[in-house]
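Following: one structure in structure tokens, then a few remarks.
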Amino acid sequence: MDLWKVPLLFSRLHMFPFFDLAHYVASVVALKEQRGAVEVSVRSPFACWFSAMLYCFGGSLLSSLMLAEPPVAFLAKGANILLASSVWYLVFYCPQDIFCRCFSFLPLRLLVAGMKEVTRTWKIAAGVAHADSHFKDAWLVMVAVGWARGAGGGLISNFEQLVRGVWKPETNELLKMSYPVKITLIGAVLFTLQHSQYLPIARHNLVFLYTIFLVIFKVKMMLTRCATSPLAPLEAALGHVLFGLGKAPSKVKGESATSSNRSSTCDRPSEQHHDGVKKRQAKKTE
Amino acid sequence: MDLWKVPLLFSRLHMFPFFDLAHYVASVVALKEQRGAVEVSVRSPFACWFSAMLYCFGGSLLSSLMLAEPPVAFLAKGANILLASSVWYLVFYCPQDIFCRCFSFLPLRLLVAGMKEVTRTWKIAAGVAHADSHFKDAWLVMVAVGWARGAGGGLISNFEQLVRGVWKPETNELLKMSYPVKITLIGAVLFTLQHSQYLPIARHNLVFLYTIFLVIFKVKMMLTRCATSPLAPLEAALGHVLFGLGKAPSKVKGESATSSNRSSTCDRPSEQHHDGVKKRQAKKTE
Amino acid sequence: MDLWKVPLLFSRLHMFPFFDLAHYVASVVALKEQRGAVEVSVRSPFACWFSAMLYCFGGSLLSSLMLAEPPVAFLAKGANILLASSVWYLVFYCPQDIFCRCFSFLPLRLLVAGMKEVTRTWKIAAGVAHADSHFKDAWLVMVAVGWARGAGGGLISNFEQLVRGVWKPETNELLKMSYPVKITLIGAVLFTLQHSQYLPIARHNLVFLYTIFLVIFKVKMMLTRCATSPLAPLEAALGHVLFGLGKAPSKVKGESATSSNRSSTCDRPSEQHHDGVKKRQAKKTE
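Residue numbers (the UniProt record's numbering), protein chains in the order written: chain A, 1 to 286; chain B, 1 to 286; chain R, 1 to 286.
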């Protein structure tokens, strides 16, 4: 087989059912790791299910809202909903928690996380193309919709938390972007440039390279326990050149340095640290 | 007259103006019984009016949003808005509070509450049919839209409260469903099954039977001061079989028992009890 | 030149680029004056940019949502976004804060504020006409959309604040309307009446007179440091006649008097006073 055909064949992969399944598993397990999620699953299975659906289909929901298409459209994809609901059921209500125990096997986690990242590429590309069919050559709309489709669950996290009775207004993904949201934004920009033919690269090659990048860094961050974001130097440079952030007075500089350190660590494990920071901030605002 | 024709004739009833009027009266009086609503009516009549409209037309608004139709469409129905606004004016600003005093006469309350339940059936059926015209055979969309149309005021209660300057993120109708929201969900499922012809029953018969059920239990709950929800045993059984909720350890079990007791009591009179619970929860989350 | 032609020629003015520029400058400077906005600009330029776009294009966004048109449509207007983004960049990140220092020159502030008010008239008129093209003769929809288009930034302020990590549920523009929101509502009613031909005045004359009124009072309020709203007597009279607010018992009367005093002062400079009031209210609700 010709090696040059790999990207082309790769870009013709179907997401349903296996990659979608991986996305649902990774999303629902991430939901279960949120503080308070297990209590919600006991108090109100319905709120828990709805929250899980927002994790799984948040991108589709948000991009529908942005383009004034019916946001319930995702409910019409019966097979996907059934798959995601089964995953939700197994993750939260499996006797003896068998499902989650199996899933704590590291190679399986890595496989699922890698496959989830593949769906991200597909979603960004689909979002960009879909936006282009609504607004001709509106590259900012293409970036926004591609980003929303790829990182939807994160962007609507404030409202997803509200379903579970949690409200953390002092933070959101725009104020303190997590690594997946940032990398999705970069991906949306790249796919928009490619779609507008400013980027001299074939679509399947970009799909292939971007996915490889996503998977490698995801796996690396999981193995090394998320030490540093590969984007941190780029961000620091941009922040310095564009917004003069490095030239800020020492106190503010300290704060911004903290926040970029924070964003460079992985989102989930540092939850407790985050909460501490939030409490401090909450005190300040009071 | 042939007795078998009663359901058919019943299903041809027009909601406007009398049944709609009853719905508006019951909704606006329920708003006035909310804590702080009277103060809002003095501070800002406009916010009070908007809140009342959300109570009266919440279902229409929410189902429009879900199907990406203009959410302001309800404002185009001039006669309904005029009727609802008149009711709002009489309930909140009638000299000597004459309107509310008249309405405290129990038989009148029962009549109005019964008529309001009739409008619920009509809304669910209309919502299901409307969703079907957008998405062919997407039964989950039909359930969602029928439910939203029938129980809209409840489902958007967090945002309705926000209009009045109240924000209670620790609870919502998904996390702790009230009886009307639950029974509307069941109704939406039944009408969807009937519409998809899985339920071997004529539409007018289902309309008739479901409405009878709604009205009888509403009246019974008002007369007996809302002792137990007729759905509590069903919920307990489902919770046990599907989610193993009965098998949970004692502490969690106690919590879930409390919550099902809570949901089995009526929503309005136990407001103070609710608040007590919320404060405790708020303390826990701090 | 014939003096009678002035309104007609005035009503043919193009908003882009100069009047739109003034609107963006006034809006972004108002954002920068919000407490905490400068910290957000250091912590997360992206959230700051998005917040600025909500200030600049809030009306367009809100009216799109109301009519179920794509809310991202404003992103498709490349030139406007570029202009607004440049203004945002200069206001927040200009070295030595040169831009804001220049802008503190009073005659310039007055000019920009006056030009911003001109764009308000154009937006209201456009919103009313646009709503009429969707719903024939639905005058309430026309008022709502015209109002949303003209005062959008204010009406969505709760959600704009959320982007910056600020959440003040105890107040919103419906509960405590600021002067610009009120005067926009009146404008929306006038333009709707004119559009429905209940107001015997030519469109360009109404545009001219309403704009003159807006600009004069805006300039007067800036020069006199916003002593009294020109609408206060009208409001008091309406409140008395329609809602019997003057007849309320002394305590409530005191409160309502305070609130109308409050609304008659300008929105920005009394921020600290507002916050004090809010804290008191927050204590009460606790």
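Here a beta-carbon is modelled for each residue, glycine too, at the ideal position from N, C-alpha and C.
query                                                                                                                         : result
Reference glutamine 194(R), options Met222(R), Gly150(R), Asp137(R), Ser229(R), closest by Cα                                 : Asp137(R)
Span of the alpha helix (DSSP H), counted from its first residue to its last, around isoleucine 216(B)                        : 203-223
8 Å Cβ cut-off: residues of chain A touching threonine 228(B)                                                                 : The premise fails here: threonine 228(B) is roughly 19 Å from chain A at the closest Cβ pair, so nothing lies under 8 Å.
Whole-angstrom distance between valine 42(B) and glutamate 170(R), CA atom to CA atom                                         : 16 Å
Alpha-carbon spacing of phenylalanine 74(A) relative to leucine 65(B), whole angstroms                                        : 14 Å
Simplified DSSP state of lysine 168(R), which is helix, strand or coil                                                        : coil
Terminal residues of the alpha helix (DSSP H) in which glycine 127(R) lies                                                    : 106-134
Supposed close pair leucine 110(R), valine 219(R) - CB separation, criterion 8 Å                                              : 6 Å
Interface partners of asparagine 158(B) on chain A, CB under 9 Å                                                              : Leu162
C-beta atoms of serine 63(A) and glycine 127(A) nearer than 7 Å                                                               : yes
Against chain R: residues of the region 58-77 of chain A by CB proximity under 8 Å                                            : Leu65, Met66, Leu67, Ala68
Span separating the alpha-carbon of glycine 13(A) from that of histidine 204(A)                                               : The question names glycine, but residue 13(A) in the sequence shown is leucine. Answer to the nearest angstrom: the Cα atoms are 11 Å apart.
7 Å Cβ shell around proline 180(B) - same chain, five flanking residues per side excluded                                     : Ala151, Gly154
Beta carbon proximity, leucine 82(A) to chain R, threshold 7 Å                                                                : no
Residues that phenylalanine 46(B) contacts on chain R, provided the C-beta gap is smaller than 8 Å                            : Leu174, Met177
Beta-carbon proximity of valine 72(B) to alanine 144(R), cut-off 7 Å                                                          : yes
Within 7 Å, strictly: CB atoms of threonine 192(A) and methionine 142(A)                                                      : yes
Within chain R, partners of tryptophan 167(B) - CB distance below 7 Å                                                         : Pro169
Phenylalanine 50(A): contacting residues in chain B (beta-carbon distance under 8 Å)                                          : Leu174
Residue span of the alpha helix (DSSP H) that contains phenylalanine 159(A), given as start and end                           : 157-163
Under 7 Å between C-beta atoms of arginine 164(A) and valine 40(A)                                                            : yes
Closer than 7 Å at the beta carbon, the chain R residues around residue 292(A)                                                : In the structure as shown, chain A begins at 1 and stops at 286. Residue 292(A) is therefore absent and cannot be evaluated.
Residue interval of the alpha helix (DSSP H) (run including residue 287(R))                                                   : Outside the modelled stretch of chain R, which goes from 1 to 286, sits residue 287(R), for which no answer is possible.
Partners in chain A for phenylalanine 243(B), counting only beta-carbon separations shorter than 7 Å                          : Pro45, Tyr93
Whole-number beta carbon distance between phenylalanine 18(A) and asparagine 80(A), since they are thought to touch under 8 Å : Not quite, the Cβ-Cβ distance comes to about 13 Å (not below 8 Å), so this is no contact.
Valine 181(R) at chain B interface by Cβ criterion, 7 Å                                                                       : no
Own chain residues within Cβ distance below 7 Å of lysine 182(B), not counting five before or after                           : Leu231
Buried versus exposed, by CB contacts within 10 Å (16 or more), arginine 280(R)                                               : Because the pLDDT at arginine 280(R) is just 41, under 50, the model does not fix this residue reliably, and the value given afterwards should be weighed accordingly. Classification of arginine 280(R): exposed, given that the 10 Å Cβ count is below 16.
Cβ shell of cysteine 56(B) (< 6 Å), same chain only, five flanking positions each side left out                               : Tyr24, Ser27, Ala84
Collapsed DSSP secondary structure at aspartate 97(B) in the structure displayed                                              : helix
Chain-ordered chain R contacts of leucine 190(A) [CB-CB under 8 Å]                                                            : Correct list: empty, because the minimum Cβ distance to chain R is about 17 Å.
Where lysine 77(R) falls: helix, strand or coil (DSSP)                                                                        : coil
Straight-line Cα distance separating leucine 67(B) from histidine 134(B)                                                      : 8 Å
CB of serine 196(B) within 7 Å of CB of tryptophan 122(B), strictly                                                           : no
C-beta atoms of valine 112(B) and phenylalanine 99(B) nearer than 7 Å                                                         : no
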